[in-house]
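S.K.:
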Amino acid sequence: MRIRQAWPDDAPAVAGVYVRSWQEAFAGLVPQHYLDAMDPSREESEWKTRIAETRWPSSGVLVAETEAGIIGFASFGPSQDIPVTAEIGTLYAMPEVWGTGIGKRLMLATLAALGQADYRQATLWVLEDNERARRFYEGAGWGADGVAVEDSTGGASLNKLRYRRPLGQPAPRLVRPLSPEAAWSRVRVELASPGQVACWRSWLSRWRPAVRRQGRLRGA
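Its first residue numbered 370, the sequence shown is counted upward by one per residue in the numbering used here.
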């Protein structure tokens with residue numbers, strides 16, 4: 370599986386993931402007649418436009434892709450409400466791959482992309498009753514900031530919460546901690562700039578002598 374920037378030709382697959390995810394994730398939350406009426410062919414044009422109009426790295430769409438095709442995506446751009454703040458507008462995966470780590474990898478890749486821009490923090494919106502999504506975001510370091518709005522999708526009255534997360538801080542450890550060498554081998558493919566690569570190498574060069582002197586990684 371790889372994560373890459375989306376291209377306009379990806380719009381049909383992105384629209385398909387969007388509809389499938391909505392129909393599964395929001396069942397029981399959004400009126401069923403609205404979910405049943407969703408059609409990827411009607412979403413395709415909008416996604417093609419949105420992808421074409423992105424301005425990397427301040428806005429973009431990332432897709433998670435396997436040999437079978439696109440199985441998830443995330444989109445982000447500048448917040449319309451808070452200066453120097455990004456907003457993650459969507460993060461969806463096919464229901465068949467929920468729980469496999471695809472969402473976590475999309476989130477990490479999105480945060481890495483936002484780190485290339487001048488944003489200081491990021492926000493996103495989540496339905497108050499969507500407990501699965503809220504657990505996912507809170508596990509990734511997001512938290513409600515006290516702002517809520519009413520969402521009338523499908524004619525319902527739904528409470529939507531704004532979550533916020535500072536940028537430039539490490540994401541919470543969602544799995545067993547890695548050694549620095551293992552972490553380097555995992556993330557180096559995600560690093561886009563020579564400066565980021567140099568920073569990691571400099572950190573490793575300082576870490577190794579410290580381990581030899583102390584016998585263990587301080588704070589581990």
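All C-beta atoms in this analysis are idealised placements derived from N, C-alpha and C, irrespective of residue type, glycine included.
Computed from a predicted structure; not experimentally measured.
#1: Going by C-alpha to C-alpha distance, which of 450, 476, 527, 524 sits closest to residue 507?
#2: Would you mind working out which of 396, 408, 398 sits nearest residue 382, comparing C-alpha positions?
#3: What residues in its chain sit with their C-beta under 8 angstroms from that of residue 536, if we drop five residues either side in the sequence?
#4: If you draw a straight line from the alpha carbon of residue 446 to that of residue 377, how long is it in whole angstroms?
#5: Measure the C-alpha to C-alpha separation of residue 437 and residue 521 and round it to an integer number of angstroms.
#6: Among 389, 425, 423, 400, whose alpha-carbon lies nearest the alpha-carbon of residue 412?
#7: Cα-Cα, which of 510, 518, 486, 478 is closest to residue 497?
#8: Measure from the alpha carbon of residue 523 to the alpha carbon of each residue in 401, 384, 531, 421, then state which is nearest.
#9: For the candidate residues 425, 526, 379, whose alpha-carbon lies nearest to that of residue 432?
M.R.: Considering the structure as presented:
#1: 476
#2: 408
#3: 455, 480, 483, 484, 488, 489, 490, 491
#4: 17 angstroms
#5: 35 angstroms
#6: 389
#7: 518
#8: 401
#9: 379
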